[in-house]
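All residue numbers for the sequence shown refer to my numbering, where the first residue is 71 and numbers rise by one.
From the three backbone atoms N, C-alpha and C, an ideal C-beta is built for every residue, glycine too.
One structure is given below, encoded as C-alpha cells.
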Amino acid sequence: MLEDKKSANKAVFSRDFETLFQAYFNNKMMVLLMMIEHPMIARDAISIERQKLFLHDLYHHFLPSHMPSRYHHAFRWLELFFEKFPDIGPAKIHRATQMVALIYEAFGMRLEPRLVATRIEKEGSGSKRLRNKK
C-alpha cells in the first residue's frame with residue numbers, strides 16, 4: 071500500500087515536472103524567436119548573453135548526449151549565430167528559425183509552423199535597417 075502511494079506520487083511529480091519544463095521551455099524559446107526575427111528588439115549585449123546562457127544550459131543539462139547529431143549541431147549553429155547577432159542577414163535568420171525548430175523536436179515538441187519566420191521571407195530582416203541607422 072505504501073509502495074502504491076510512492077509510485078503514484080512519483081507519477082504526479084513526473085507529470086508536473088514535465089508540464090513545468092514545457093512551460094519554461096516554450097516561454098524562453100518564444101523570447102529567443104522574437105529576438106531572432108526582430109534584431110532591433112535586442113541590440114544590447116545583456117539580452118544576447120541571456121539567450122546564449124539559456125541555450126548553453128539547455129544543451130548541457132537537458133539534452134541527452136545520445137541524441138542524433140543534428141540536434142547537437144542546431145545548438146552549436148545557434149551559438150555561432152549569436153556571436154554575430156544582430157549583424158546578420160535574412161538567410162541566416164531563416165536558418166536560425168529552422169535550428170530552433172530542431173531544438174523543439176529534440177525535446178519532443180513541435181514548433182508551430184505559424185510561428186516560423188514567414189515575415190522574413192516576405193519583407194526581409196530588420197538587420198539591414200539596423201545597419202543603415204548606425
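_Check whether ILE163 and ILE106 have beta carbons under 8 Å apart_ = Position 93 of the sequence shown, counted from the start, is the residue given in the question as residue 163. Position 36 of the sequence shown, counted from the start, is the residue given in the question as residue 106. Yes.
_On a Cα-Cα basis, can you pick out the residue from ALA115, ASN96, GLU153 that is closest to VAL170?_
The residue labelled residue 170 in the question sits at position 100 within the sequence shown. Residue ASN96 is the option with its Cα nearest to VAL170.
_Considering only the alpha carbon of each residue, which of GLN92, PHE145, ALA166, HIS142 lies closest to LYS180?_
Counted from its first residue, the sequence shown places residue 180 at position 110. With the sequence shown as reference, residue 180 is identified as Arg, and Lys is not the correct amino acid for it. Answer by Cα proximity: GLN92.
*Distance CB(LYS122)-CB(PHE145) smaller than 8 Å*: Here residue 122 is taken as the residue at index 52 of the sequence shown, counted from 1. Here residue 145 is taken as the residue at index 75 of the sequence shown, counted from 1. Cβ atoms of LYS122 and PHE145: not closer than 8 Å.
*Mind checking LEU125: buried by the 16 CB within 10 Å criterion, or exposed?*
Numbered from its first residue, the sequence shown carries residue 125 at position 55. Buried, since its Cβ has 16 or more Cβ neighbours within 10 Å.
*Give the DSSP-derived three-state secondary structure of LEU133 in the structure shown.*
Position 63 of the sequence shown holds residue 133. Of the three classes helix, strand and coil, the one that applies to LEU133 here is coil, per DSSP.
*By the 10 Å Cβ neighbour count, where 16 or more other Cβ atoms means buried, how is ALA176 classified, buried or exposed?*
Residue 176 sits at position 106 when you count from the first residue of the sequence shown. With 16 or more other Cβ atoms within 10 Å, it is buried.
*From which residue to which residue does the alpha helix (DSSP H) around PRO183 run?*
Here residue 183 refers to the residue found at position 113 when the sequence shown is read from its first residue. Looking at the DSSP string, PRO183 is not in any alpha helix (DSSP H), and its letter there is neither H nor E.
*Determine the extent of the alpha helix (DSSP H) in which PHE124 is found, giving its start and end residues.*
On the sequence shown, residue 124 is found 54 positions in, with the first residue counted as 1. Element bounds for PHE124: 115-127.
_Reduced DSSP category for HIS143 - H, G, I as helix; E, B as strand; rest coil_ = As a first step, residue 143 is located in the sequence shown; it is residue number 73 there, counting from the start. Helix at HIS143.
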